[in-house]
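Each protein sequence line maps, in turn, to chains W and V. Just so you know, we're using the numbering used here here: the first sequence kicks off at 145 and counts up by one. Just so you know, we're using the numbering used here here: the second sequence kicks off at 1184 and counts up by one. For reference, the structure discussed in these notes is given below.
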Amino acid sequence: MSKSENIIELIDVKKVYDGDTVAVEKFNLQVKKGEFVTFLGPSGCGKTTTLRMIAGFELPTSGQILLNGEDISNLPPNKRPVNTVFQKYALFPHLNVYENIAFGLRLKKVEATFRNDAGDTYTKKIKLTKGEIDKKVKKALEIVDLEGFEKRSVSTLSGGQQQRIAIARAIVNEPEILLLDEPLGALDLKMRKEMQIELKNMHKRLGITFIYVTHDQEEALTMSDKIVVINDGDIQQIGTPTEIYNEPVNTFVADFIGESNIFNGTVVGKLKVKFCGATFDCLDDYEINQLVDVVVRPEDIKICPVGEGQLKGKVISSVFKGVHYEITVGIGKFEITIQSTQNAPVGGNIGMRIEPDGIHLMQKVYTVNKYDGVITRTNAVQFGDGEFECDVTQLYKGSHLDEEGYLITAQGEKIDLSGVAVNVEVDTHDILMTDEKEKGGAQGNIISMIYKGDHYRYIVRTEENEEDYVLSCPDLWNTGDLVGIIIPKDKIKLSLKPVEGDNVK
Amino acid sequence: MKKLRFNRSQLCIPYAVFLILFVIAPLVVILYYAFTNGEGQFTFKNFASFFSSTNTLGTLLESFALAIVTTIVCLLIAYPTAYILARSNFKKKYVLLLLFILPMWINFTLRITALKEVLSVIEGNISKYQFLNSVIGMTYDFLPFMILPLYTSLLKLDKSLLEAASDLGASKFTVFLRVTLPLSVPGIISGMTMVLLPSMTNYVVLDMLHNSTFIMGSLIGSYFNAYDWNNGSLISIVLLVIIFIVTLVTNRFSDEDSNSRGAVL
């Protein structure tokens, strides 16, 4: 791919607020001329920050933003050939529709060629004439379908109309890139659907590169050529809507885009995976015995008579959703959601079949939590912004503690452990959450939860140093809950860190 | 026990009483005196003598000029101050704001007396620069009334509008000229009203820093001291009419603006 093809390129862009809040990190992205790119992610994931860095409202802490191969990272917004459609329109209340749209044009200077008395030609930057501005404003109003609104005050327009004026105000300057920051967020559903199609058509007609920010996965799938899924300041996946939907790279993407059933599975043979107590053929090749996350879209599960298909279960509920029924089926302790045009009676038993192309395997990201810890005076261990009781005798085989708290090794050597650095490992199943925050060794907020058929996987993040605890729990909690972290004493696995030149044996 | 219940019109009785006692009645009395002579007979003579005397007309003009110059000086000082206060990310900006408001907590006669001493040290003979000193004194007195409304209107200015303007190609100066300034007009108007009106009728500051025979407040006072209620009342009426006109004009400005602004929200 040659460089000139990319209209904009972000290289290792990082943004840190107030010295310690990382909004965006290691952001690498290339956008081709004329593409419709969508930044998709939950709120607070850094997508708007990235957009604002492209617009020039925020400067990246480090990294480069290249426009047509030129570094524009530190240019002010008025020097960038980029225009923005703001989330809340940001129309100027003291100007009418015409003046709002003409705002950029009146400031624009174009190069024009003149001939002086001696007959030599020279170029000079001049302002657009009244007639030119007039023509352009008329055309922009035509594009957004609001002809004849020139004299109206912006305050008399409806939300949808204001949105169109905001778009007209941006595209009238013929920017190289149009940035749209959740532009349809404030519109009602029907209006939003209409504007989605209209924006898509506008993109085709104008040939301008669009960069679109949204948290609505359906909107992203409908409109984009390329979707960038972002979570927590990191790019999770870049791909076409089909790729993102059909081949999510991890459980976050799978869970965020569309509906998914996510299970823990084990690879049991060549292209064979076991989950929900049954073995399935699949298309993803993983090593035998590897633990994997299995993602199955609800529409990829077919209902068949009991006995046929790989699974059978009892229908727990069935809800009519217009085009399809959403059926929840219990298979032992697992729950699975099916979307089917065919209904199934609640309480009845059904069989289910999943074709190999409906099963997506992903490498498990988290199985064990690993931390750097330090043993305290009281033979507890400090890690992850917390302090936990632990069994320090596991550090030395056959050792025990004396009454004063010193460790006596099998050889009878006396060791003072306080301040010793250790590696800490805790299995995701061994961490518990509690409402009584003080009871926990550490406290944090639940920042993510994903349903995995028979349990939820949570990530709890502490406030102080943003340490993460990944844990599995069958109970339902809410994201944002402040919880205490409890780890049973015998579930904390400790090992000594290799220390050079120390007398640790 | 029966509960006491009032309807809306009953609730406004105390206010109406207050209004009649302290606003309507004095006005009627002033109007009566302004158009009567010492014997209580209806006359336009007070009216005619006010507008035919160069002394009274000169005083009126001088007061008006003083008020306008003070207002302009206040605006010129207050706008940049309010702008910097509203724009700065400085976390302790309320402390800065307090520094401007703090003098209001001190009795103003005391403040002006202190100012008079400072001025006489600088100027030697303060009676040489009466106009200048009066402007300084009133600016000192009324500056907070200009800063506060400006600060509020600049503070509530939607930041995304400024971003939108610079996104559309406006330099920082153009953003100020084409967006910030027009959108702060309501603040400018209310600040100007709040300075212009009291400085037109100001009495104490001018009494201490100005030749007192040339100001409206003192003129009224001197008539009243001589028990000439009629001429004093007439000057009050003239002032009242001027203030009424000024208020009418400024209200029209801010009304237009609040209409177009309010509907956006």
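Each residue gets a CB set at the ideal place from its N, CA and C atoms; glycine is no exception. Predicted model only: the values in this text are computed from it and were never measured.
Check your understanding: By DSSP, does V:Arg1435 sit in helix, in strand, or in coil?
Key -> helix
Check your understanding: Residues in the segment 231-259 of chain W with C-beta within 7 Å of chain V's C-beta atoms, listed in sequence order?
Key -> Lys232, Ala234, Phe236, Pro237, His238, Phe247, Gly248, Leu251, Lys252
Practice item. Consult DSSP for V:Phe1230 and reduce its assignment to one of helix, strand or coil. Key: In the structure shown, V:Phe1230 sits in a helix (DSSP, three-state: H, G or I).
Check your understanding: Span of the beta strand (DSSP E) holding W:Tyr613?
Key -> 612-617
Point to revise | Interfacial residues, the segment 1329-1350 of chain V to chain W, with Cβ spacing under 8 Å | key: Within the segment 1329-1350 of chain V, the residues whose Cβ lies closer than 8 Å to some Cβ of chain W are Asp1341, Ser1343, Leu1344, Glu1346, Ala1347, Ala1348, Ser1349, Asp1350, listed in chain order.
Practice item. Report buried or exposed for V:Ile1289, applying the criterion of at least 16 other Cβ atoms within 10 angstroms of its Cβ. Key: exposed
Practice item. Could you check if W:Asp264 is buried or exposed, using at least 16 other CB atoms within 10 Å of its CB as the buried criterion? Key: Of the residues assessed, W:Asp264 falls on the exposed side of the cut-off, its CB having fewer than 16 other CB atoms within 10 angstroms.
Practice item. Kindly indicate which three-state DSSP category V:Val1447 falls into: helix, strand or coil? Key: Because V:Val1447 sits at a pLDDT of 26, beneath the cut-off of 50, its placement in the model cannot be relied upon, and the point is left open.
Point to revise | Candidates W:Leu539, W:Ile629, W:Arg601, W:Ser187: closest to W:His359 by CA position | key: W:Ser187
Check your understanding: Closer than 9 Å, CB to CB, is V:Cys1195 near chain W or not?
Key -> no
Review point. Just by C-beta distance, which residues in the segment 188-203 of chain W are closer than 9 Å to chain V?
Key: Within the segment 188-203 of chain W, Arg196, Ala199, Gly200, Phe201 place their CB atoms closer than 9 Å to a CB of chain V, listed in sequence order.
**Study point:** Element boundaries [beta strand (DSSP E), containing W:Arg605]
**Key:** 600-605
Check your understanding: Between V:Ile1139 and V:Leu1282, which are expected to be in contact by the criterion C-beta below 8 Å, what is the C-beta distance as a whole number of angstroms?
Key -> The requested residue 1139 of chain V does not occur in the structure, where chain V is confined to residues 1184 to 1448.
Check your understanding: Nearest chain V C-beta to W:Lys633 closer than 9 Å, yes or no?
Key -> no
Review point. If we ignore side chains and look at the alpha-carbon of each, how far apart do W:Gln305 and W:Glu202 end up?
Key: Between W:Gln305 and W:Glu202, the alpha-carbon positions lie close to 29 Å from each other.
Exercise for review: Name, please, each residue of chain W whose Cβ falls closer than 8 Å to the Cβ of V:Gly1352.
Suggested key: Asn222, Gly248, Leu251, Lys252, Asn317
Check your understanding: Cβ atoms of W:Pro319 and W:Ile352: under 9 Å apart, would you say?
Key -> yes
Review point. Roughly how many angstroms lie between the CA atoms of V:Tyr1198 and V:Leu1204, to the nearest whole one?
Key: 10 Å
**Study point:** Test: V:Arg1270 CB closer than 9 Å to a CB of chain W
**Key:** no
Review point. If you draw a straight line from the alpha carbon of W:Asp646 to that of W:Gln538, how long is it in whole angstroms?
Key: Unreliable placement is indicated for W:Asp646, whose pLDDT of 43 sits below 50; no coordinate value is reported for it.
Review point. Should the segment 521-539 of chain W be regarded as contacting the segment 469-485 of chain W, the criterion being three or more beta carbon pairs within less than 8 Å?
Key: no
Practice item. May I ask you to verify whether the segment 375-389 of chain W touches the segment 180-198 of chain W, counting CB pairs closer than 8 Å and requiring at least 3? Key: As far as the Cβ criterion goes, the segment 375-389 of chain W touches the segment 180-198 of chain W, which means the pair count is three or higher.
**Study point:** Cβ shell of W:Gly502 (< 8 Å), same chain only, five flanking positions each side left out
**Key:** Val440, Arg441, Asp444, Ile445
**Study point:** Option nearest W:Leu239 by Cα separation, candidates W:Glu255, W:Ile309, W:Asp261
**Key:** W:Ile309
Review point. Which residue's Cα is closest to the Cα of W:Gly542: W:Glu548, W:Cys534, W:Ile552?
Key: Minimum Cα distance to W:Gly542 is reached at W:Ile552.
Point to revise | Residues of its chain near W:Lys641, where Cβ-Cβ distance is below 7 Å and the 5 sequence neighbours each way are ignored | key: Ala565, Val566, Asn567
Review point. Going by Cα to Cα distance, which pick from W:Asn408, W:Gln231, W:Leu350 is closest to V:Ser1343?
Key: W:Gln231
Check your understanding: Among V:Val1304, V:Thr1264, V:Pro1365, which has the Cα closest to the Cα of V:Leu1326?
Key -> V:Thr1264
Exercise for review: Please look up how many angstroms separate the CB atoms of W:Asn394 and W:Met506, rounded, as I've assumed it's under 8 Å.
Suggested key: That belief holds up - the Cβ atoms of W:Asn394 and W:Met506 are roughly 6 Å apart, short of 8 Å.
Check your understanding: Considering only residues of the same chain and omitting the five flanking positions on each side of V:Gly1415, which have a CB-CB separation below 6 Å?
Key -> Excluding positions up to five away in sequence, the list reads Ile1403, Tyr1406, Phe1407.
Exercise for review: Compare the C-beta of W:Thr228 with all C-beta atoms of chain V and state if any pair is closer than 9 Å.
Suggested key: At least one chain V Cβ lies under 9 Å of W:Thr228.
**Study point:** Residues in the segment 1356-1383 of chain V having any Cβ partner in chain W nearer than 9 Å
**Key:** Thr1357, Val1358, Arg1361, Val1362, Pro1365, Leu1366, Val1368
Point to revise | Nonlocal neighbours in the same chain, by C-beta distance under 8 Å from W:Val450, ignoring five residues either side | key: Lys456, Asn493, Ile494, Gly495
Practice item. Using alpha carbons as the reference points, say which of V:His1393, V:Val1358, V:Met1391, V:Ser1382 lies closest to V:Val1429. Key: Of the residues V:His1393, V:Val1358, V:Met1391, V:Ser1382, the one whose Cα lies closest to the Cα of V:Val1429 is V:Ser1382.
Practice item. Name the two residues that bound the continuous alpha helix (DSSP H) containing W:Gly413. Key: Counting along the chain, W:Gly413 falls outside any alpha helix (DSSP H), though it belongs to the beta strand (DSSP E) covering 405-413.
Exercise for review: Report yes or no: is there a C-beta of chain V within less than 9 Å of the C-beta of W:Ala167?
Suggested key: no
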